[in-house]
Amino acid sequence: MNGKSILIVDDEAPIREMIVVALEMAGYDCLEAENTQQAHALIVDRKPDLILLDWMLPGTSGIELARRLKRDELTADTPIIMLTAKGEEDNKIQGLEVGADDYITKPFSPRELVARLKAVLRRAAPTDSEAPIEIGGLLLDPISHRVTIDGKPAEMGPTEYRLLQFFMTHQERAYTRGQLLDQVWGGNVYVEERTVDVHIRRLRKALGEATKTSCRRCAAPAIVSPARAERLT
């Protein structure tokens with residue numbers, strides 16, 4: 121066992137059983153819930169390292185649970201992967217916008233699920249200690265993972281934090297979506313390029329008015345086409 125616990129939230133027992141087999145073979149401990157009430161109790165009591173969350177659940181939906189968890193500072197950093205039959209583009213965007221770290225549609229490959237789960241856990245792992253990065257009034261502390269603007273905290277998710285850290289340490293150039301996926305998400309992660317747009321919007325929202333003042337270079341990054349990026353380099 122690798123010590124990581126995964127909470128599987130799905131109202132279909134056969135799907136939970138299939139996921140449990142795949143994850144236990146990969147060395148993970150598994151917790152199971154068939155609705156959001158059970159899930160919330162396990163999250164409070166057991167504090168799982170990652171949540172696999174179905175959208176369509178009895179009572180409160182999975183998407184609503186994800187929204188609540190990401191708004192609560194005690195659970196905001198817990199990675200969430202939506203695992204659902206709702207595969208339309210609008211569904212994926214909604215899932216990512218409420219805070220999901222990845223979105224997988226059913227039917228799915230257990231091997232791909234494990235690979236993407238590992239990637240999300242890697243991205244959520246604490247980074248090595250580094251000196252704070254400051255540009256204008258924007259300060260990023262890699263040790264505490266806190267971001268402040270003129271001394272005031274800026275709340276953001278782990279993916280937005282990694283994007284901001286990348287932009288603050290790689291200034292004065294434009295990046296394509298593909299380049300950002302490689303640098304921030306990792307080259308072996310199966311994430312659609314549209315995902316970048318979602319997280320950039322969330323980062324800009326988190327930084328608010330700072331994107332119009334002293335932090336413009338890092339807070340409002342440019343995303344360009346591969347052809348244009350080639351001309352700029």
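Its first residue numbered 121, the sequence shown is counted upward by one per residue in this note's numbering.
Using N, Cα and C, we set each Cβ at its ideal position, and we do this for glycine too.
Rounded to the nearest whole angstrom, the C-alpha separation of alanine 326 and threonine 268 is 11 angstroms. For aspartate 169, the closest alpha carbon among the candidates Ile200, Ile139, Met176 is that of Ile200. Within the stretch 142-222, the runs of beta strand (DSSP E) at least 3 residues long that lie entirely inside it are, in chain order, 149-153, 170-173, 200-204.
When DSSP reads this structure, proline 273 sits in a beta bridge with Thr268. Under DSSP, isoleucine 224 forms a beta bridge with Leu203. In terms of Cβ geometry, methionine 202 and leucine 173 form a close pair [threshold 7 angstroms]. Assignment of aspartate 317 by DSSP, reduced to helix, strand and coil, places it in the helix class.
Measuring C-alpha to C-alpha distances from alanine 274 to each of Gln157, Arg324, Ala235 identifies Arg324 as the nearest.
It is roughly 21 angstroms from the alpha-carbon of serine 229 to the alpha-carbon of arginine 243. If you ignore the 5 residues before and after glutamine 303, its C-beta comes within less than 7 angstroms of the C-beta of Phe286, all in its own chain and listed in chain order.
DSSP places valine 129 outside any alpha helix (DSSP H); the residue lies instead in the beta strand (DSSP E), whose first and last residues are 125-129. By the criterion of at least three beta-carbon pairs nearer than 8 angstroms, the stretch 153-160 is in contact with the stretch 181-189. Counting C-beta atoms within 10 angstroms of its own C-beta, valine 318 has 16 or more neighbours from the protein chains shown and is therefore classed as buried. Annotation: the continuous beta strand (DSSP E) that includes glutamate 254 extends over 253-255.
For valine 164, the closest alpha carbon among the candidates Thr198, Asp149, Gly123, Lys206 is that of Thr198.
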